[in-house]
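Enquirer: Just so we're aligned: the sequence shown equals residues 1 to 211 in this note's numbering.
Cβ coordinates follow ideal geometry from the N, Cα and C atoms, glycine included.
Keep in mind it's a predicted model, so treat the numbers as computed, not measured.
Got a structure for you, questions after.
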Amino acid sequence: MLHRARHGWVEVVSGVMFSGKSEELIRRIRRALIAGRRVQLFKSHLDDRYGGQFRISSHDGRQIDAEPVSSSVQVAEKVRRETQVVAIDEAQFLDDGICEVVDALADAGMRVIVAGTDMDFRGEPFGPMGLLLARAERIDKLNAICVVCGDPATRNQRLIDGEPAPAEGPTIQVGGAESYEARCRRCHEVPKRDRAQKELFRTTLPAPPTA
């Protein structure tokens, strides 16, 4: 990779689904293009919700075409030497090697913008997002609105036939409003895991003080 006189940096846009991550990524890309920067966009091949057309799409209908990738190696191989801005959407679906690739691109003088869902439907770190957040110079974590109570939503609620999906389900299951809802911590439900946690709390927490 080409090493340049100035240093690049890494920006991560993370958060729950429906929080506007892709819209924010598109906004930054368009501003870079207006500024005359040479931009490349990549997106995980797993997200093919738009008829096999790989593009970064916001929920308000804005779209920009992107190059599909299935691994961090492909990202490294496809970045051109003259590129100034690299944007990666749905980074949670990529392997942990994307962290080293992103670092190398920034060290080569590129601005790297990464967008992804930071937690899976269980409320646990999703793929390499935790590592990317730790390495970034700039972090923006976006919230949605909880569909149950209206508070800020920070969790992805996976649904099966309208009911909360059990914790034993696969981590990766691409879907939209028909499969997921944005919820706050209080309204987020993960059957079985929640029951196990409550039982653990009952057996390990100290008893409340008596009068």
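What span of residues does the alpha helix (DSSP H) with Arg72 cover, start to end?
Expert: The amino acid occupying residue 72 in the given sequence is Ser; Arg does not appear at that position. Ser72 to Lys78 is the span of the alpha helix (DSSP H), which, as asked, contains Ser72.
Enquirer: State yes or no: is the C-beta of Ala87 within less than 8 Å of the C-beta of Val10?
Expert: no
Enquirer: Answer with buried or exposed for Leu132, where buried requires no fewer than 16 other C-beta atoms within 10 angstroms of its C-beta.
Expert: buried
Enquirer: Where Gly109 and Ala76 are concerned, what is the direct C-alpha to C-alpha distance, given to the nearest angstrom?
Expert: 14 Å
Enquirer: So if DSSP puts Phe18 in a beta bridge, which residue, or which two residues, is it bridged to?
Expert: In the DSSP output, where bridge partners are listed per residue, Phe18 has none listed.
Enquirer: Can the beta-carbon of Tyr180 be found closer than 8 Å to that of Asn143?
Expert: Not in contact: Tyr180 and Asn143 (Cβ atoms no closer than 8 Å).
Enquirer: Run through DSSP, which three-state label would Phe215 get?
Expert: Since the displayed the chain opens at 1 and closes at 211, residue 215 lies outside it and no answer follows.
Enquirer: Provide the residue(s) that pair with Gln157 in DSSP beta bridges, ordered along the chain.
Expert: The bridge partners DSSP lists for Gln157 are Glu181.
Enquirer: Please list the terminal residues of the continuous beta strand (DSSP E) segment that includes Ala115.
Expert: Arg111 to Thr117 is the extent of the beta strand (DSSP E) around Ala115.
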